[in-house]
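Single-structure report; data block below.
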Amino acid sequence: MNLLGVFLAVGCILTAMILEGTHPSALINFPAFMVVCGAGFSACLVQFSLKEVWLALKHIVWLISPPRLNFQSQAELLAGMSTIARQQGALALENSVASANDDFTRTGIQMIVDGVDKDVLYTLLENAIALEQEKLEPAAKFYESMGGYFPTMGIVGAVLGLIHAMSLLDRPDLLGPSIAVAFVATIYGLVGANCFLIPAGGRIRSVSAEVALFKYMTLEGLVSISGSENTLMLKRRIGVYTGNLNGD
Numbered sequence: 035m036n037l038l039g040v041f042l043a044v045g046c047i048l049t050a051m052i053l054e055g056t057h058p059s060a061l062i063n064f065p066a067f068m069v070v071c072g073a074g075f076s077a078c079l080v081q082f083s084l085k086e087v088w089l090a091l092k093h094i095v096w097l098i099s100p101p102r103l104n105f106q107s108q109a110e111l112l113a114g115m116s117t118i119a120r121q122q123g124a125l126a127l128e129n130s131v132a133s134a135n136d137d138f139t140r141t142g143i144q145m146i147v148d149g150v151d152k153d154v155l156y157t158l159l160e161n162a163i164a165l166e167q168e169k170l171e172p173a174a175k176f177y178e179s180m181g182g183y184f185p186t187m188g189i190v191g192a193v194l195g196l197i198h199a200m201s202l203l204d205r206p207d208l209l210g211p212s213i214a215v216a217f218v219a220t221i222y223g224l225v226g227a228n229c230f231l232i233p234a235g236g237r238i239r240s241v242s243a244e245v246a247l248f249k250y251m252t253l254e255g256l257v258s259i260s261g262s263e264n265t266l267m268l269k270r271r272i273g274v275y276t277g278n279l280n281g282d
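With our numbering as the guide, the letters of the sequence shown map in order to residues 35 to 282.
Next comes the structure, spelled out in structure tokens:
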């Protein structure tokens, strides 16, 4: 998902309103916005810690610009380091640390240079991947939880609006518009949840899974280098991730 999807979804709704003769300005209602967005967000503050909320807000950028993961380029980097390690020794990889594009790869290369055992290397880096996945899960759950609260708060807003409408029974000229405004909160809740929040949670989770896949491929390559396997074997190891099982 990206912002284009959000704009298209909202655009379709607004277009449908216009085709039916309703002006989009009918959806502008600040009290309804406060009930749905303010109360919905506040409900999540009860469920999640401030640290988890900040993590979720920080990763909202993934909806616009997710991490750029070039599996093929990473495979070539690992193959090159494998050749260097076999020809010049593991210590020669120290010059390759700076050429890595991410901290995970740099940490793994430095471990190899430091002489960390292959099995220990695998365990440490695998645990790092699993821990990162655990830390990112609350970010996805945060948006999915808000996606659950928003429609409920929309109903609350509608009920509050209807309570106000009932006070206008003696003024029929104001009753109709008041009832219409009451249902704006329901629209806010449903549209916000289904066009943005729930898809946002799924998007963060899918990007997180892709990052983990990239790191597992890197892990396989680093273990191969640490075990002094030949470059062809390394290519076959990581070929599962790049779709090149022959290691060509």
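Virtual Cβ for every residue (Gly too), placed ideally from N, Cα, C.
For residue i, the three-state DSSP class (helix, strand or coil)
i    : result
S262 : coil
G191 : helix
L134 : For the record, residue 134 in the displayed sequence is Ala; it is not Leu. Here A134 sits in coil by DSSP.
N63  : coil
R239 : helix
N161 : helix
S116 : helix
S201 : coil
N104 : coil
S99  : coil
G55  : coil
G123 : coil
G226 : helix
F82  : coil
D148 : coil
F217 : coil
Among the options, the one whose alpha carbon lies nearest that of residue i
i    : options                   : result
R140 : L111, K175, L231 and T220 : L111
V19  : E54, T265 and G261        : Since the first and last residues shown for the chain are 35 and 282, residue 19 lies out of range.
V218 : V154, V241, A192 and V147 : A192
N135 : V257, K249 and A124       : K249
M187 : S76, V40, H57 and A174    : S76
L125 : Q108, M145 and F138       : M145
G182 : G55, A50 and C78          : C78
V70  : I94, L194 and L202        : L194
I221 : N63, I259, A113 and T117  : N63
A113 : L53, L266, V274 and P58   : L266
A43  : V80, Y275, L224 and V245  : L224
I259 : Q122, V95, I94 and P206   : Q122
C147 : L127, F138 and Y156       : A small correction: the amino acid at residue 147 is Val; Cys does not occupy that position in the sequence shown. Comparing Cα positions, the closest option is L127.
Contact test: residue i Cβ vs the ligand MG heavy atom, cutoff 8 angstroms
i    : result
L256 : In the structure shown, the ligand MG is absent, as is every other ligand, since no ligand is present at all.
Beta-carbon proximity check, residue i vs residue j, cutoff 9 angstroms
i    : j    : result
E178 : G226 : no
I143 : V154 : no
A173 : I238 : yes
V87  : F230 : no
A199 : I189 : no
L159 : L256 : yes
R120 : N264 : yes
K169 : L247 : no
A60  : M68  : no
P100 : V241 : yes
G39  : P206 : no
T276 : F105 : yes
K269 : A66  : no
Residue-chain proximity (residue i, chain B), Cβ-Cβ < 9 angstroms
i   : result
F82 : In the structure shown, chain B does not exist; there is a single protein chain.
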